[in-house]
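In what follows, a single structure is set out as structure tokens and then discussed.
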Amino acid sequence: MKSKRMQAMEKPAGEEGMVVKSEGIEFDNIFFRYPTRPAQAIFKSLSLHVKFDSVTAIVGPSGSGKSTLFNLLMRQYEPEMGEIRYGGVPLYNLELRWLRSQLSTVSQSPVIFSGTVAFNIAWGASTEVIPGDVDMKYAKVEMEKKKKKAKKGKNEARGGAGIPLSSPIDLEKGPGKDEDDEKKNMSLLGVPMSRIVEAAKKANAHSFIEKMPHGYHTVIGPRGTNLSGGQKQRIAIARAFLREAPILCLDEPTSALDPESEKAVSASINTLMEGKTVIMITHRLTTSQTADKIAVIAEGGLAEEGSHEQLMEAKGLYYTQ
5 MKSKRMQAME KPAGEEGMVV KSEGIEFDNI FFRYPTRPAQ AIFKSLSLHV
55 KFDSVTAIVG PSGSGKSTLF NLLMRQYEPE MGEIRYGGVP LYNLELRWLR
105 SQLSTVSQSP VIFSGTVAFN IAWGASTEVI PGDVDMKYAK VEMEKKKKKA
155 KKGKNEARGG AGIPLSSPID LEKGPGKDED DEKKNMSLLG VPMSRIVEAA
205 KKANAHSFIE KMPHGYHTVI GPRGTNLSGG QKQRIAIARA FLREAPILCL
255 DEPTSALDPE SEKAVSASIN TLMEGKTVIM ITHRLTTSQT ADKIAVIAEG
305 GLAEEGSHEQ LMEAKGLYYT Q
């Protein structure tokens, strides 16, 4: 017997017409554990409200679950208890591909596929999950199980509370059923080269791409081993420009960059943020104090929230960071 939640997850329900913009994004009393760490509750009772058309900074100690918020918002996982709502509508009542089309994520370690620069940027138009912050240890275990059962002619069911709703992508080959035929993949994505170039220019990536041996048709090695950290980030930002999603999730995208690369990437991100609802994970006061609201996550819940000035005056956890 399937639960009401699972039944709702399987039906293609409403899209933009159901969303009430004034409601924003709500995490309501969330309890969540990763399946590989069942003894550790990441969230015990998390409640957080994000207003549309605002910038919300997420801060907190390492391991407090900041990146997990993005995983749950994209429905890479389902909370065991509680509810997440987008514009007043529970996520499991929104069609999954439509939901993901509303979100763009730029993380500190962007996933780069083996393929051309153009294809890597074009992937931003896809609503499949790029496994940047998913629990990859669990994903690999599940993939091995899937391979073993496939040999026996069996299919494995996936999904449910605390379980990824998408199969992991082979990063060595890239996404798609026919990885060796890039033209087919590009046609499936339906992205014209003009849009790819436009996105790259907005991300300040066009100049370095043009200097590569074959420009946009240069093949990038597995996991982008022949790219610098700043170049990887600008490709990830170009994906986000191409996606044109109203919600932008930033997971410390400049934290691992040298000062020169950070300057170029930060300029691209500032342009990308314009006119969007932004949720950004950061540990830097210089970044968080520019946000409309700062939410401090700790010990499985929301420890405190407010503006930079309010939290500094309160002299709580944010003040001591």
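In terms of this note's numbering, the sequence shown is residues 5 to 325.
By construction, the Cβ of each residue, glycine as well, lies at the ideal position given by its N, Cα and C atoms.
Identity of the residues DSSP links to residue i by a beta bridge
| i | result |
| --- | --- |
| Thr120 | Val223 |
| His53 | Glu30 |
| Lys297 | Thr60 |
| Glu87 | Asp32 |
| Ser111 | Asp255 |
| Gly228 | For Gly228, which the question treats as bridged, DSSP gives no partner whatsoever. |
| Phe47 | Phe36 |
| Ala302 | Gly305 |
| Val93 | Tyr90 |
| Val2 | The structure shown has nothing for residue 2, since the chain only spans 5 to 325. |
| Leu310 | It should be pointed out that residue 310 corresponds to Gly in this sequence rather than to Leu. The partner list for Gly310 (beta bridge, DSSP) reads Ile298. |
Backbone CA spacing between residue i and residue j [nearest angstrom]
| i | j | result |
| --- | --- | --- |
| Ser270 | Pro226 | 26 angstroms |
| Met284 | Glu30 | 16 angstroms |
| Gly277 | Glu84 | The question names Gly, yet the displayed sequence has Met at residue 277. Each residue's Cα considered, the two are about 32 angstroms apart. |
| Thr286 | Phe56 | 19 angstroms |
| Asp32 | Thr290 | 29 angstroms |
| Val93 | Glu264 | 42 angstroms |
| Arg79 | Glu317 | 36 angstroms |
| Ile116 | Glu87 | 32 angstroms |
| Met147 | Thr40 | Because the pLDDT of Met147 is 48, which lies under 50, any placement of that residue in the model is unreliable, and the number read from its coordinates should be weighed accordingly. The alpha-carbon atoms of Met147 and Thr40 are separated by roughly 14 angstroms. |
| Tyr35 | Ala61 | One detail in the question is off: residue 35 reads as Phe in this sequence, not Tyr. C-alpha separation (whole angstroms): 21 angstroms. |
| Asn75 | Met197 | 30 angstroms |
| Lys319 | Val282 | 26 angstroms |
| His221 | Ala244 | 20 angstroms |
| Leu261 | Cys253 | 18 angstroms |
| Gln44 | Gly305 | 14 angstroms |
| Arg288 | Lys280 | 21 angstroms |
| Val195 | Trp127 | 9 angstroms |
| Thr229 | Gln325 | 34 angstroms |
| His210 | Arg104 | 26 angstroms |
| His218 | Gly28 | 44 angstroms |
| Val223 | Met216 | 10 angstroms |
| Pro42 | Thr275 | 40 angstroms |
| Glu202 | Leu98 | 30 angstroms |
Member of the options whose CA lies at the smallest distance from the CA of residue i
| i | options | result |
| --- | --- | --- |
| Gln314 | Ala302, Gln325, Ile301, Lys297 | Lys297 |
| Leu50 | Ala260, Leu321, Gly69, Leu107 | Gly69 |
| Ser259 | Leu252, Gln237, Arg243, Ala242 | Gln237 |
| Gln235 | Ile251, Ala207, Gly128, Leu254 | Ala207 |
| Trp102 | Glu248, Gly310, Asn230 | Glu248 |
| Ala307 | Ala295, Thr294, Arg243, Tyr322 | Tyr322 |
| Ile46 | Thr275, Thr324, Lys267, Ala302 | Ala302 |
| Ala129 | Arg37, Glu82, Ile200 | Ile200 |
| Glu266 | Gly233, Arg288, Asp255, Ser211 | Gly233 |
| Gly119 | Ala43, Leu231, Ala244 | Leu231 |
| Leu246 | Asn124, Leu73, Leu98, Ser58 | Asn124 |
| Tyr81 | Leu98, Arg37, Pro42, Ser105 | Arg37 |
| Ser311 | Glu27, Ser58, Pro42, Arg104 | Ser58 |
Integer-rounded CB distance, given that residue j should sit under 8 angstroms from residue i
| i | j | result |
| --- | --- | --- |
| Val23 | Tyr96 | Not really, about 14 angstroms apart at Cβ, beyond 8 angstroms. |
| Val54 | Ser292 | About 15 angstroms separates the two Cβ atoms, so there is no contact after all. |
| Gly213 | Val121 | Inspection of the sequence shows that residue 213 is occupied by Ile rather than by Gly. Going by Cβ atoms, the distance from Ile213 to Val121 rounds to 5 angstroms, so yes, they are a contact pair. |
| Pro257 | Ile273 | 6 angstroms |
| Ala242 | Ala268 | Wrong, their Cβ atoms sit about 13 angstroms apart, outside the cutoff. |
| Asp255 | Ser66 | Actually they do not touch by this definition, with Cβ atoms about 13 angstroms apart. |
| Leu107 | Leu77 | 7 angstroms |
| Ala299 | Glu309 | 5 angstroms |
Proximity test, Cβ basis, 7 angstroms: residue i and chain C
| i | result |
| --- | --- |
| Ile273 | The structure shown contains no chain C; it is built from a single protein chain. |
Practice task
Determine contact between the stretch 104-113 and the stretch 35-55, defined as no fewer than three beta-carbon pairs at a distance below 8 angstroms.
Solution key: No: the two stretches stay apart, fewer than three of their Cβ pairs being nearer than 8 angstroms.
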